[in-house]
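Engineer: If you use this note's numbering, the sequence shown corresponds to residues 9 to 337, in order.
Beta carbons: idealized from backbone N, C-alpha and C, even for Gly.
These numbers come from a predicted model, not from an experiment.
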Amino acid sequence: MTNIKAAITAVHGSLPEYVLTNAELEKMVDTSDEWITTRTGIRERRILKKNGLATSDMGADAVTGLLEKRGINPNEVDLLICSTVTPDMKFPATANLISHKAGIRKAFSFDMNAACSGFIYALVTASKYVESGLYKKVIVVGSDKMSSIVDYTDRQTCVIFGDAACAVMLEPTDGGNGIIDHKFGTDGSGYKHLHMKAGGSLKPPSYDTIDAREHYVYQEGQPVFKFAVTKMAGVSLDLMEKNGLSAKDVSWLVPHQANLRIIEATGRRMGIPKERVMINIHKYGNTTNATIPLCLWDYEEKLRKGDNLILTAFGGGFTWGAVWVKWAC
Ligand code: UT7
């Protein structure tokens with residue numbers, strides 16, 4: 009064991025220009041701005057419209073901005089992990105394409121998929137490479153073009169999701185800050201409530217799967233909602249208890265942005281007041297793997313060295329988890 013911790017030393021996002029508003033969705037499906045805002049908290053989301061652009065393009069844009077911001081040459085990067093549920097292709101890994109597009113030539117790259125918990129799973133995985141002393145510059149990028157798997161005739165899902173990417177740089181520190189601890193959980197029996205029915209080895213693409221609209225996100229909203237609140241609050245409280253942290257010690261709760269009501273209920277159960285809960289779902293919707301780093305990016309100015317952050321997510325799988333980060337910048 010070393011005393012080295014992995015610190016987040018920079019964060020940078022990429023948002024497509026196109027803004028899909030609730031008013032525009034009202035023209036596409038039987039919904040209303042009032043329903044969307046009161047039931048989800050979402051007012052608009054970004055969509056990657058331009059033909060030929062994919063998850064890796066947003067990821068590469070975020071990574072290029074990150075490298076510029078931190079003043080790091082692409083060839084100094086040791087490892088890049090991309091968390092995504094919307095890879096450009098089934099293979100190769102989108103991480104490889106991001107590295108290629110961002111001019112990263114001396115690193116190795118791979119993807120991780122833990123649905124909406126993917127970013128925090130990738131973050132902790134990356135931190136272990138840094139803590140071990142193996143690598144000094146590791147990038148984690150959460151990127152999803154959710155519009156490529158959302159059915160814009162299904163009002164239950166199309167109002168929720170948006171496209172975005174956001175990347176963080178991890179570097180070693182011995183000052184006691186950085187990624188301190190985590191707790192993760194998985195329950196594969198939950199797959200039935202949130203998945204994509206076809207396109208994998210179980211049901212390869214066919215005319216039938218296309219006719220049945222099985223290449224889109226399938227979600228049973230209510231059970232997912234209940235599990236999300238219970239698991240995000242539960243795992244965060246477990247992590248805090250394990251580390252002797254009380255609600256007043258938590259400077260910021262950084263929750264996955266799936267639904268404003270889930271975020272508020274999680275904060276309430278944890279005893280964290282609203283002013284210390286990061287929220288940006290109104291601007292971007294649920295961007296799956298990008299939600300948590302996008303929160304860090306949006307709130308960066310407010311973060312202080314030594315702040316205790318609890319990052320928490322819940323997603324398809326089911327997967328869930330919480331990470332304790334002591335802000336290092
Ligand atoms: O990030 C991965 C994890 N995902 C989540 O955490 C998502 C969790 N689930 C949710 O956020 C919510 O369950 C939804 C936003 C998906 C749905 O909200 P809800 O409050 O659970 O609505 P509901 O499914 O209970 O539906 C209530 C009513 C239904 O009508 P009836 O049967 O009561 O007449 C729906 O058909 O709202 C209707 N409805 C809509 N109405 C207008 C569903 N979607 C819409 C819509 N516009 N877009």
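So what does DSSP say about Ile50, is it helix, strand or coil?
Structural biologist: The answer is coil: DSSP assigns Ile50 none of H, G, I, E or B.
Engineer: Let me know if Asp4 comes out buried or exposed under the rule of 16 or more other beta-carbons within 10 Å of its beta-carbon.
Structural biologist: Beyond the ends of the chain as shown, which are 9 and 337, falls residue 4; an answer cannot be given.
Engineer: Once you ignore the five residues that flank Ile270 on each side, which residues in its own chain have a CB closer than 7 angstroms to its CB?
Structural biologist: Only Phe233, Ala236 and Val237 meet the Cβ criterion.
Engineer: Taking the alpha-carbon of Asp86 as reference, which of Gly207, Tyr137 and Tyr292 has the nearest alpha-carbon?
Structural biologist: Selected option, being the one with the closest Cα: Tyr137.
Engineer: Within 8 angstroms, do at least three Cβ pairs link the stretch 210-222 to the stretch 251-266?
Structural biologist: Too few Cβ pairs lie closer than 8 angstroms, so no.
Engineer: Determine contact between the stretch 44-59 and the stretch 99-106, defined as no fewer than three beta-carbon pairs at a distance below 8 angstroms.
Structural biologist: Verdict: no, contact absent.
Engineer: Report the option in Gly184, Phe322, Asn11 and Phe116 whose CA atom is closest to the CA atom of His201.
Structural biologist: Of Gly184, Phe322, Asn11 and Phe116, the residue nearest in Cα terms is Phe322.
Engineer: Taking the Cβ atom as the reference point for each residue, do Ala18 and Lys77 lie within a distance shorter than 8 angstroms?
Structural biologist: Yes, the Cβ-Cβ distance between Ala18 and Lys77 is below 8 angstroms.
Engineer: Measure the C-alpha to C-alpha separation of Trp335 and Asp315 and round it to an integer number of angstroms.
Structural biologist: Spanning the two alpha carbons is a distance of roughly 5 angstroms.
Engineer: Is it right to say Lys310 is buried, meaning 16 or more other beta carbons lie within 10 angstroms of its own, or is it exposed?
Structural biologist: Exposed, because fewer than 16 other Cβ atoms sit within 10 Å of the Cβ of Lys310.
Engineer: Which same chain residues end up closer than 8 angstroms to Gly49 when comparing Cβ atoms and leaving out the 5 residues on each side of it in sequence?
Structural biologist: Around Gly49: Asn267, Leu268, Arg269, Ile271, Ile287, Ile289 and His290.
Engineer: Grouping DSSP H, G and I as helix and E and B as strand, with all else coil, what is Glu179?
Structural biologist: Of the three classes helix, strand and coil, the one that applies to Glu179 here is strand, per DSSP.
Engineer: When you compare the CB positions of Ala298 and Asp69, do they come within less than 8 angstroms of one another, or not?
Structural biologist: No, Cβ-Cβ distance for Ala298 and Asp69 is not below 8 angstroms.
Engineer: In angstroms, rounded to a whole number, what distance separates the CA positions of Leu192 and Leu319?
Structural biologist: In the sequence under discussion, the amino acid at residue 192 is Phe, which differs from the Leu named in the question. About 11 angstroms.
Engineer: Along the beta strand (DSSP E) that carries Lys77, what are the first and last residues, could you check?
Structural biologist: Not the beta strand (DSSP E): Lys77 falls in the alpha helix (DSSP H), residues Thr63 to Arg78.
Engineer: Using 8 angstroms as the Cβ pair cut-off and three pairs as the minimum, do the stretch 184-199 and the stretch 25-41 touch?
Structural biologist: These segments do not touch.
Engineer: Mark Asp216 as exposed unless 16 or more other C-beta atoms lie within 10 angstroms of its C-beta, in which case mark it buried.
Structural biologist: Looking at its Cβ environment, which holds fewer than 16 other Cβ atoms inside 10 Å, Asp216 is exposed.
Engineer: Sort out for me which residues DSSP pairs Thr29 with in a bridge.
Structural biologist: BP columns for Thr29 point to Glu52.
Engineer: Specify the secondary structure class of Leu302 as computed by DSSP and reduced to three states.
Structural biologist: The answer is helix: DSSP assigns Leu302 an H, G or I state.
Engineer: Output the distance between the C-alpha atoms of Gly67 and Gly150, rounded to the nearest integer angstrom.
Structural biologist: Going from the Cα of Gly67 to the Cα of Gly150 covers about 7 angstroms.
Engineer: On the criterion of 16 or more Cβ atoms from any shown chain inside 10 Å, does Asp246 qualify as buried, or is it exposed?
Structural biologist: Flag for Asp246 reads exposed.
Engineer: Return yes when the Cβ of Ala130 is within less than 8 angstroms of the Cβ of Leu178, no when it is not.
Structural biologist: Contact flag unset, no.
Engineer: Is any heavy atom of the ligand UT7 found at a distance shorter than 7 angstroms from the C-beta of Gly229?
Structural biologist: Yes, the ligand UT7 has a heavy atom inside 7 angstroms of this Cβ.
Engineer: At 4 residues or longer, and completely inside the stretch 92-117: list those alpha helix (DSSP H) runs for me, N to C.
Structural biologist: Listed in chain order, they are 102-109.
Engineer: What residue range is occupied by the uninterrupted alpha helix (DSSP H) comprising Asp216?
Structural biologist: Residues Tyr215 to Asp219.
Engineer: Who are the near neighbours of Leu41 in its chain, counting only those whose CB is closer than 7 angstroms to its CB and skipping five residues on each side?
Structural biologist: Inspection of the sequence shows that residue 41 is occupied by Asp rather than by Leu. So the list reads Asn30, Ala31 and Glu34, once near-sequence residues are dropped.
Engineer: Would you give the residue range spanned by the alpha helix (DSSP H) that Asp159 belongs to?
Structural biologist: That residue, Asp159, is in no alpha helix (DSSP H); it is neither H nor E in DSSP.
Engineer: Check for me: the alpha helix (DSSP H) holding Ile271 runs from which residue to which?
Structural biologist: Segment Leu268 to Met278, the alpha helix (DSSP H) holding Ile271.
Engineer: Distance, Cα to Cα, Asn121 vs Ala175?
Structural biologist: Those two C-alpha atoms are separated by around 16 angstroms.
Engineer: Tell me which same chain residues have a C-beta within less than 6 angstroms of the C-beta of Ser155, skipping the five on either side of it?
Structural biologist: Closer than 6 angstroms at Cβ, skipping near neighbours: Ile55 and Asp171.
Engineer: If you drop the 5 nearest sequence neighbours on each side, which residues of the same chain put their C-beta closer than 7 angstroms to that of Asn83?
Structural biologist: Same-chain partners within the cutoff: Arg113 and Lys114.
Engineer: Quickly, what does DSSP pair Gly141 with across the bridge? List them, please.
Structural biologist: Answer by DSSP bridge pairing: none, since Gly141 is not bridged.
Engineer: So, helix, strand or coil for Cys166, using DSSP?
Structural biologist: In this structure, Cys166 counts as helix in the three-state DSSP scheme.
Engineer: In this structure, how does DSSP classify Ser40 when only helix, strand and coil are distinguished?
Structural biologist: Here Ser40 sits in coil by DSSP.
Engineer: How about Asn294: is its Cβ closer than 7 angstroms to a heavy atom in the ligand UT7?
Structural biologist: Indeed, a heavy atom of the ligand UT7 lies less than 7 angstroms from the Cβ.
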